[in-house]
Amino acid sequence: MLPTGEYRPPKAGIAMSRPVRPKHDDETEPGPEANGSLARALLLLRELTLRPEGVGVSELSRSLGIPKPSVHRTLRTMRRLRFAHESEHVYYPGVELRRLARDLTAGTESRLLRERLSPVMVELYCAARLPVELAVPRGGDVVVLHRVQGRGTGNPIGTAGGAVEHHGAATKVLSAFSPDSVPHEVIGDRGECVRSRSSSQFAEIRRTGLLVERSCHGRVELAAAVLDRIRRPVAVLAMTGPAARVHNVPHTATLLRQAAHDAAKLLPTGSTSRC
Numbered sequence: 001m002l003p004t005g006e007y008r009p010p011k012a013g014i015a016m017s018r019p020v021r022p023k024h025d026d027e028t029e030p031g032p033e034a035n036g037s038l039a040r041a042l043l044l045l046r047e048l049t050l051r052p053e054g055v056g057v058s059e060l061s062r063s064l065g066i067p068k069p070s071v072h073r074t075l076r077t078m079r080r081l082r083f084a085h086e087s088e089h090v091y092y093p094g095v096e097l098r099r100l101a102r103d104l105t106a107g108t109e110s111r112l113l114r115e116r117l118s119p120v121m122v123e124l125y126c127a128a129r130l131p132v133e134l135a136v137p138r139g140g141d142v143v144v145l146h147r148v149q150g151r152g153t154g155n156p157i158g159t160a161g162g163a164v165e166h167h168g169a170a171t172k173v174l175s176a177f178s179p180d181s182v183p184h185e186v187i188g189d190r191g192e193c194v195r196s197r198s199s200s201q202f203a204e205i206r207r208t209g210l211l212v213e214r215s216c217h218g219r220v221e222l223a224a225a226v227l228d229r230i231r232r233p234v235a236v237l238a239m240t241g242p243a244a245r246v247h248n249v250p251h252t253a254t255l256l257r258q259a260a261h262d263a264a265k266l267l268p269t270g271s272t273s274r275c
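So the sequence shown is numbered by the UniProt record's numbering: it starts at 1 and just counts up by one.
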């Protein structure tokens, strides 16, 4: 028994507590196998981003120096997670990869588009007295960046947000400029070449940059493409309203076409189509 307050160190060889094992940095890092898998996935993501036109497994294996089985296995996981899309053994950027790229770059570009084109939209609203929307392609969707509409006092106000209907005029205008909309020859019952109604409509949109549609619900939709210098659609200006309010459709269409032309001159430097 030790007197109170007296301390005696423990005998040699007797541990007072469980030894603390030193923690090395390499224990917090993934092992070589996980590291290799991550590196392969990142390289494949980068390659898919750089080749939106599509690329095959053999070419990916050759250009990246990754064995084909590893490429195929990683792409299979990426496809399941929607970072890659496969069609007839050709791989393309998937929905999630496009969304990620869109979110990383869309903020600044969207703000610039709103700032530059808002005055044109206000002027168009004052001339036509119809709500005006600025819509842009974002991946597989068409979203509204800015909307100018009236309020009780008759002065225009701006709002933003929301997706455009897939069958709406704005979506059709953007679709008309997509490479997928180029019509293919279809042979009719009598051996003649037939073009579908949508193909003819898309051809007319590409020629005029404008679409006017009257819906069965008594509404009129108008949309015009805002084209860059090489006639690629960067955005769409769209208007819609009851047919009773659109008294002179040709005049309203002319106002919209002129607004789209003016908006094209104000596009921020470097704006490109995302169709």
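Using N, Cα and C, we set each Cβ at its ideal position, and we do this for glycine too.
In this text, all values refer to a predicted model and were calculated from it rather than measured experimentally.
With 16 other Cβ atoms within 10 Å as the buried cut-off, status of residue i
i    : result
V38  : Val is not the amino acid found at residue 38; the sequence shown has Leu there. Exposed is the call here.
T171 : buried
R190 : With a pLDDT of 45 at R190, under the threshold of 50, the predicted position of this residue should be treated as unreliable, and no value is reported.
T240 : buried
I205 : buried
S175 : buried
E33  : Because E33 sits at a pLDDT of 45, beneath the cut-off of 50, its placement in the model cannot be relied upon, and the following sentence gives the value as read from the coordinates. By the neighbour-count rule (16 or more Cβ atoms within 10 Å), E33 is not buried but exposed.
A243 : exposed
I230 : exposed
L50  : exposed
V226 : buried
V186 : Confidence at V186 is low in this model, with a pLDDT of 38, below 50, so its placement is unreliable and the value that follows should be read with caution. Per the 10 Å Cβ criterion, exposed.
Nearest neighbour of residue i, chosen from the options [CA to CA]
i    : options                   : result
L97  : K68, L117, L42 and L130   : L42
E221 : R232, A203, G54 and T252  : T252
R232 : C126, R116 and G209       : G209
P93  : G54, S70, L130 and V142   : G54
H261 : G36, R73, V71 and M121    : M121
A224 : G168, R245 and V246       : G168
L124 : A264, L266, L60 and L255  : L255
L117 : V246, P242, V234 and S199 : V234
S87  : C216, R138, Q149 and P52  : P52
V143 : P67, S110, P119 and C126  : S110
G218 : A84, H247, E59 and T77    : H247
As assigned by DSSP and simplified to three states, the class of residue i
i    : result
P119 : helix
L256 : helix
D228 : coil
H146 : strand
P183 : Below a pLDDT of 50, predicted positions are generally treated as unreliable, and P183, at 40, falls in that range; no measurement from the model is reported.
P250 : helix
A135 : strand
G36  : helix
E47  : helix
E213 : strand
R114 : helix
L222 : strand
L60  : helix
A176 : helix
A264 : helix
A41  : helix
L237 : strand
Distance between beta carbons of residue j and residue i, contact taken as under 8 Å
i    : j    : result
Y91  : L75  : 6 Å
L237 : L134 : 6 Å
V249 : L211 : V249 to L211, Cβ: 12 Å. No contact.
L64  : L113 : 36 Å between Cβ atoms; not a contact.
R40  : S70  : 6 Å
V148 : V136 : Incorrect: roughly 15 Å between the Cβ atoms, too far for contact.
R245 : L130 : 7 Å
D228 : L266 : Their Cβ separation, rounded to whole angstroms, is 12 Å, which puts D228 and L266 out of contact at 8 Å.
H89  : G140 : Actually they are not in contact, since the Cβ atoms of H89 and G140 sit about 22 Å apart, beyond 8 Å.
### Inside the segment 64-99 only - alpha helix (DSSP H) runs reaching at least 4 residues
Fully enclosed alpha helix (DSSP H) runs of 4 or longer: 68-80.
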